[in-house]
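Undergrad: When we follow this note's numbering, the leftmost residue of the sequence shown carries the number 2, and every step to the right adds one.
Note that the Cβ used here is the ideal one computed from N, Cα and C, for glycine as well.
As the structure is a prediction and not an experimental result, all values here were calculated from the model.
Got a structure here, written out as structure tokens. Questions coming.
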Amino acid sequence: MDNMDAPDTVLAAFSRLLPRIAEEGGEAETIAETALARSLAKAAEISQAQADIAVALVRRWLQALAMLEPRRLAEGEWAFVSFPAHLLARSLLNGLGTPNFRLLEPGFWDSSDYRVDKQRILLKQAEELRATQPPGLVPIRRVWVAWTWLALDGRFLLVRREDPVQHRAGSKGQFVFPGGKVSPQDLPDLPLSARLDFFDPNQPANADIAAHAFRAALLREIHEELDIQPSDLAATTTVLAPIRYVALEGAKSTFSATEYWIQPFKLKLSDAGKTALLCCLAAYPERFDWFTSDELATGTNADGAKAFVDAINNAPPLDAGNFAVSIGLAKPFRDAITFPGTIEEPFAVGITGRERPVRVALSVDEVATLNWFAAVRRHEPVAQLADGISVASCSGWVLVDNDDLFARLKLLSARLDEGGLSLLDFHERAVRLNVSEEVHYSPFLMSLGVDDEKRGKAFKLMLHRREIHSPLGTAAEHRVTASLPEKLGIAIYSLMHGDPGPALDDFDTVKRMQRDIRATLDDIGLRVLIRQVDGVPELTVRPK
Numbered sequence: 002m003d004n005m006d007a008p009d010t011v012l013a014a015f016s017r018l019l020p021r022i023a024e025e026g027g028e029a030e031t032i033a034e035t036a037l038a039r040s041l042a043k044a045a046e047i048s049q050a051q052a053d054i055a056v057a058l059v060r061r062w063l064q065a066l067a068m069l070e071p072r073r074l075a076e077g078e079w080a081f082v083s084f085p086a087h088l089l090a091r092s093l094l095n096g097l098g099t100p101n102f103r104l105l106e107p108g109f110w111d112s113s114d115y116r117v118d119k120q121r122i123l124l125k126q127a128e129e130l131r132a133t134q135p136p137g138l139v140p141i142r143r144v145w146v147a148w149t150w151l152a153l154d155g156r157f158l159l160v161r162r163e164d165p166v167q168h169r170a171g172s173k174g175q176f177v178f179p180g181g182k183v184s185p186q187d188l189p190d191l192p193l194s195a196r197l198d199f200f201d202p203n204q205p206a207n208a209d210i211a212a213h214a215f216r217a218a219l220l221r222e223i224h225e226e227l228d229i230q231p232s233d234l235a236a237t238t239t240v241l242a243p244i245r246y247v248a249l250e251g252a253k254s255t256f257s258a259t260e261y262w263i264q265p266f267k268l269k270l271s272d273a274g275k276t277a278l279l280c281c282l283a284a285y286p287e288r289f290d291w292f293t294s295d296e297l298a299t300g301t302n303a304d305g306a307k308a309f310v311d312a313i314n315n316a317p318p319l320d321a322g323n324f325a326v327s328i329g330l331a332k333p334f335r336d337a338i339t340f341p342g343t344i345e346e347p348f349a350v351g352i353t354g355r356e357r358p359v360r361v362a363l364s365v366d367e368v369a370t371l372n373w374f375a376a377v378r379r380h381e382p383v384a385q386l387a388d389g390i391s392v393a394s395c396s397g398w399v400l401v402d403n404d405d406l407f408a409r410l411k412l413l414s415a416r417l418d419e420g421g422l423s424l425l426d427f428h429e430r431a432v433r434l435n436v437s438e439e440v441h442y443s444p445f446l447m448s449l450g451v452d453d454e455k456r457g458k459a460f461k462l463m464l465h466r467r468e469i470h471s472p473l474g475t476a477a478e479h480r481v482t483a484s485l486p487e488k489l490g491i492a493i494y495s496l497m498h499g500d501p502g503p504a505l506d507d508f509d510t511v512k513r514m515q516r517d518i519r520a521t522l523d524d525i526g527l528r529v530l531i532r533q534v535d536g537v538p539e540l541t542v543r544p545k
């Protein structure tokens, strides 16, 4: 009788032949694999060749489940590592010999959200174990991706990944470049077998199909993610050849060794496309984040957001200038500038230490408006927006759907232009502070404090920029702290208390030491903290 036509009988017979182990005490039976195969051939009434095949298959199952003692197995013998392992082996073989036996409940592999994490755990564990074995990370999944590299204000725009669990185990980052995966709907009309081949890593990659699919996916995804219609694109240009990248990755329950083919694109937007992009950034700020070229290289930006852009790690650093979306009409104002904090104060324009004062007659509201635009341009938090005002996330652009405020901004812009300061730029109903260099606040908007933490040996500087209330909205107050070098700390502390002596004794050193806290001053928007007036050092910011 050839019972290989009845595998249930073979598996049930096999379960009775497994080596045994005591529940307590650890006494274990050992059986040579050759003897086990002979016993199985007799018990199941199958040929010896068939028994050898069955034993080899079951050995691999049990090895994969870490049930067999490795040292014994290397010597050609079977022994279980524990009593529970022995029980599970018997359970599996007996269960597999029953037609309705299931290890997982029916529907386990449905796409229901509540099963996603369970599915991912199984796939992740299996794939991570498989990746440690020869021949290493062999893809079982292929994904085609269209990316667009798009920059504003010197930073690249990234979008939140589709996986709603930001820190799901095994996920490499929350943000990726705009674009997304090619789906079957992006393919040309093909037979089913050809469509499946395209996504099968065991089949050659088809460049002709890919070129069509990349572009179709790009148009679909930027409409979904950026609200940009295909008709709003003046041009789409491929950048580099498609990048092949293999990784253990996948959103939700698709985690697996994946072969990515990624085609980057450069976009040129029409005016309508630029407006659509700004409106999308304003409407969905939680959808986006921004990364400099250096931050892309590390995968983390200044806010701690993580980007999954490992595929470009071996490529030259991206230059944001090569992928900038040009919005606006005016040429950027290229001098460093300090905005007035009062209607009496002039603008300070030019290199620090050689600034030139520029006076423009401004109202209190206009002074506040310019400082509020400076906060937006510096990517600082703004809130309590006036009706019809929205901010395009981290782009510096403000959308003004308020006729009165828009007219007032046009008048302000004209007055600034007459004074030689072309500081506001417009794109349809969007307005931006038109500067390309440093933007500083007036010291009149700030206060400082210094703590003597170790009796003249260590000091902490505290700077505070107060809230900025303007007709368009409010910029939140901003505070920074910094540890001071001893000499600089003594100088600032003494100046706070009316004693210029320590700063005057070696002002060149004190001035030079301000560079040690340059990052802190830049963070709060202060050009300089100590200056000389008629040869006497003084603080630019008043003490609290």
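1) From the DSSP output, in three-state form, read off W1 for me.
2) Is DSSP giving H168 helix, strand or coil here?
3) Would you mind giving the Cβ-Cβ distance between R221 and D187, rounded to the nearest angstrom? I have them listed as a contact below 8 angstroms.
4) Could you tell me which of A218, K43, E128 sits nearest to L138, measuring between CA atoms?
5) If you draw a straight line from the C-alpha of Q385 to the C-alpha of A477, how long is it?
6) Let's see if you can read the secondary structure: which residues bound the beta strand (DSSP E) around T255?
7) Distance check for P544 and G457, CA to CA, integer angstroms please.
8) Take every Cβ of the stretch 256-270, pair it with every Cβ of the stretch 116-125, and state whether three or more of those distances are shorter than 8 angstroms.
9) Run the CB neighbour count on F102, radius 10 Å, all protein chains shown included, and call it buried at 16 or more, exposed below.
10) Can you give, in chain order, each stretch of the beta strand (DSSP E) that sits fully within the stretch 327-388 and has at least 3 residues?
11) Could you have a look at P140 and say whether DSSP puts it in helix, strand or coil?
12) Exposed or buried, what is S484 when buried is set at 16 or more other beta-carbons lying within 10 Å of its beta-carbon?
13) Going by C-alpha to C-alpha distance, which of E346, A147, A331 sits closest to S414?
14) In terms of alpha-carbon separation, which member of D523, P538, G502 lies closest to K512?
15) Identify, in the order they occur along the chain, each residue of the same chain with its Cβ nearer than 6 angstroms to the Cβ of H213, setting aside the five sequence neighbours on each side.
16) Rank V365, Y261, Q533, D524 by C-alpha distance to the C-alpha of G502 and give the top, closest one.
17) Between M447 and L496, which are expected to be in contact by the criterion C-beta below 8 angstroms, what is the C-beta distance as a whole number of angstroms?
18) From the DSSP output, read off the bridge partner residues of H479.
19) How close, in whole Å, do the beta carbons of K471 and T370 come, if the pair is a contact with beta carbons under 8 angstroms?
20) Hey, out of Q64, S40, L158, whose CA is closest to A306's CA?
21) Here's the rule: buried if 16 or more other CB atoms are within 10 angstroms of the residue's CB, otherwise exposed. What is Q134?
22) What is the rounded straight-line gap between the Cα of A55 and the Cα of A132?
23) Quick check: V365 and W373, are their CB atoms within less than 8 angstroms of each other?
24) Would you mind reading off the limits of the beta strand (DSSP E) that contains M447?
25) Assuming G1 and L12 make a contact with CB atoms under 8 angstroms, what is their CB distance in whole Å?
26) Output the distance between the C-alpha atoms of K275 and W291, rounded to the nearest integer angstrom.
27) Give me the Cα-Cα distance between A211 and F178, rounded to the nearest whole angstrom.
28) For V310, I'd like the list of residues in its chain whose CB is within less than 6 angstroms of its CB, leaving aside the five on either flank, ordered along the chain.
29) Give me the DSSP bridge partner(s) of V146.
30) Considering Y115, what are the terminal residues of the beta strand (DSSP E) in which it resides?
31) Which residues bound the beta strand (DSSP E) around R532?
32) Less than 8 angstroms between the C-beta atoms of P185 and R196, yes or no?
33) Between which residues of its own chain and M514 is the CB-CB distance below 7 angstroms, once the five residues before and five after are set aside?
34) Check whether the Cβ atoms of V377 and L422 sit closer than 8 angstroms, and answer yes or no.
35) Residues in the same chain with beta-carbon distance under 6 angstroms from A431, minus the five sequence neighbours each way, listed in chain order, please.
36) Measure the beta-carbon distance from A57 to Q49 and round it to whole angstroms, keeping in mind my assumption that it falls under 8 angstroms.
TA: Per the coordinate set shown:
1) The displayed coordinates of the chain run from 2 to 545. Any statement about residue 1 would go beyond what the structure contains.
2) Numbered from its first residue, the sequence shown carries residue 168 at position 167. Summary for H168: the model assigns pLDDT 46, below 50, so the residue's position carries little reliability, and this model does not support an answer.
3) Start at 1 with the first residue of the sequence shown, and residue 221 comes out as number 220. Start at 1 with the first residue of the sequence shown, and residue 187 comes out as number 186. Separation of the CB atoms of R221 and D187 is rounded to 7 angstroms, and the pair is thereby assigned contact status at 8 angstroms.
4) Start at 1 with the first residue of the sequence shown, and residue 138 comes out as number 137. Nearest option by C-alpha distance: E128.
5) Translated into positions along the sequence shown, residue 385 becomes position 384. Translated into positions along the sequence shown, residue 477 becomes position 476. Each residue's alpha carbon lies about 10 angstroms from the other.
6) By one-based count along the sequence shown, residue 255 stands at place 254. From DSSP, T255 is part of no beta strand (DSSP E); its letter is neither H nor E.
7) As a working note, residue 457 is residue 456 in the sequence shown. As a working note, residue 544 is residue 543 in the sequence shown. Spanning the two alpha carbons is a distance of roughly 18 angstroms.
8) The stretch 256-270, when compared against the stretch 116-125, does touch it at the 8 angstroms Cβ threshold.
9) Walking along the sequence shown from the start, residue 102 turns up at place 101. Exposed, since its Cβ has fewer than 16 Cβ neighbours within 10 Å.
10) Within the stretch 327-388, the complete beta strand (DSSP E) runs of at least 3 residues are 348-350, 357-359.
11) Here the question's residue 140 lines up with position 139 in the sequence shown. Looking at P140 - three-state DSSP - the assignment turns out to be coil, as it is neither helix nor strand.
12) Within the sequence shown, the letter at position 483 stands for residue 484. Residue burial annotation: S484 is exposed, with fewer than 16 other C-beta atoms found within 10 angstroms of its C-beta.
13) Here residue 414 refers to the residue found at position 413 when the sequence shown is read from its first residue. That would be A331, whose Cα lies nearest to the Cα of S414.
14) Taking the first residue of the sequence shown as position 1, residue 512 is located at position 511. Ranking the options by Cα distance to K512, first place goes to P538.
15) Locating residue 213 in the sequence shown gives position 212, where the first residue counts as 1. Here the set comprises P189.
16) As a position in the sequence shown, residue 502 is number 501, starting the count at 1. Here the closest residue by C-alpha is Q533.
17) On the sequence shown, position 446 is the one that residue 447 refers to. On the sequence shown, position 495 is the one that residue 496 refers to. So it is not a contact: roughly 15 angstroms between Cβ atoms.
18) As a working mapping, residue 479 is identified with position 478 in the sequence shown. DSSP, once it has assigned bridges, lists R466 as partnering H479.
19) Numbered from 1 along the sequence shown, position 470 holds the residue referred to as residue 471. Numbered from 1 along the sequence shown, position 369 holds the residue referred to as residue 370. Note on residue identity: the sequence assigns Ser, not Lys, to residue 471. The pair is a contact, with the Cβ atoms about 5 angstroms apart (cut-off 8 angstroms).
20) Here residue 306 corresponds to residue number 305 of the sequence shown, with the count starting at 1. Considering only alpha carbons, the answer is L158.
21) Locating residue 134 in the sequence shown gives position 133, counting from the first residue. Here Q134 is exposed. Its C-beta has fewer than 16 other C-beta atoms within 10 Å.
22) Locating residue 55 in the sequence shown gives position 54, counting from the first residue. Locating residue 132 in the sequence shown gives position 131, counting from the first residue. Using only the alpha carbons, I get a separation of about 26 angstroms.
23) Residue mapping note: residue 365 aligns to position 364 of the sequence shown, counting from 1. Residue mapping note: residue 373 aligns to position 372 of the sequence shown, counting from 1. The answer is no: Cβ separation not under 8 angstroms.
24) Against the sequence shown, residue 447 aligns to sequence position 446. Looking at the DSSP string, the run of the beta strand (DSSP E) that includes M447 is 447-453.
25) There is no way to answer for residue 1, as the model of the chain reaches only from 2 to 545.
26) Position 274 of the sequence shown, counted from the start, is the residue given in the question as residue 275. Position 290 of the sequence shown, counted from the start, is the residue given in the question as residue 291. Cα to Cα, K275 sits roughly 17 angstroms from W291.
27) On the sequence shown, residue 211 is found 210 positions in, with the first residue counted as 1. On the sequence shown, residue 178 is found 177 positions in, with the first residue counted as 1. Cα to Cα, A211 sits roughly 19 angstroms from F178.
28) For the purposes of this step, residue 310 is taken as residue 309 along the sequence shown, with counting starting at 1. Correct list, in chain order: L297.
29) Within the sequence shown, the letter at position 145 stands for residue 146. Within the DSSP secondary-structure output, V146 pairs in a beta bridge with K182, I263.
30) As a position in the sequence shown, residue 115 is number 114, starting the count at 1. Annotation for Y115: no beta strand (DSSP E) segment contains it, though the alpha helix (DSSP H) segment containing it runs 114-132.
31) If you number the sequence shown from 1, residue 532 lands on position 531. Per DSSP, R532 belongs to the beta strand (DSSP E) from 531-534.
32) Here residue 185 corresponds to residue number 184 of the sequence shown, with the count starting at 1. Here residue 196 corresponds to residue number 195 of the sequence shown, with the count starting at 1. Taking 8 angstroms as the Cβ cut-off, P185 and R196 qualify as a contacting pair.
33) On the sequence shown, position 513 is the one that residue 514 refers to. Shown here for M514: same chain residues with a beta carbon closer than 7 angstroms to its own, the five before and five after excluded, namely P486, K488, L489 in chain order.
34) As a working note, residue 377 is residue 376 in the sequence shown. As a working note, residue 422 is residue 421 in the sequence shown. The Cβ atoms of V377 and L422 do not sit closer than 8 angstroms to each other.
35) Looking up residue 431 in the sequence shown gives position 430. Closer than 6 angstroms at Cβ, skipping near neighbours: L279, W398, L400.
36) As a working note, residue 57 is residue 56 in the sequence shown. As a working note, residue 49 is residue 48 in the sequence shown. Their Cβ separation, rounded to whole angstroms, is 13 angstroms, which puts A57 and Q49 out of contact at 8 angstroms.
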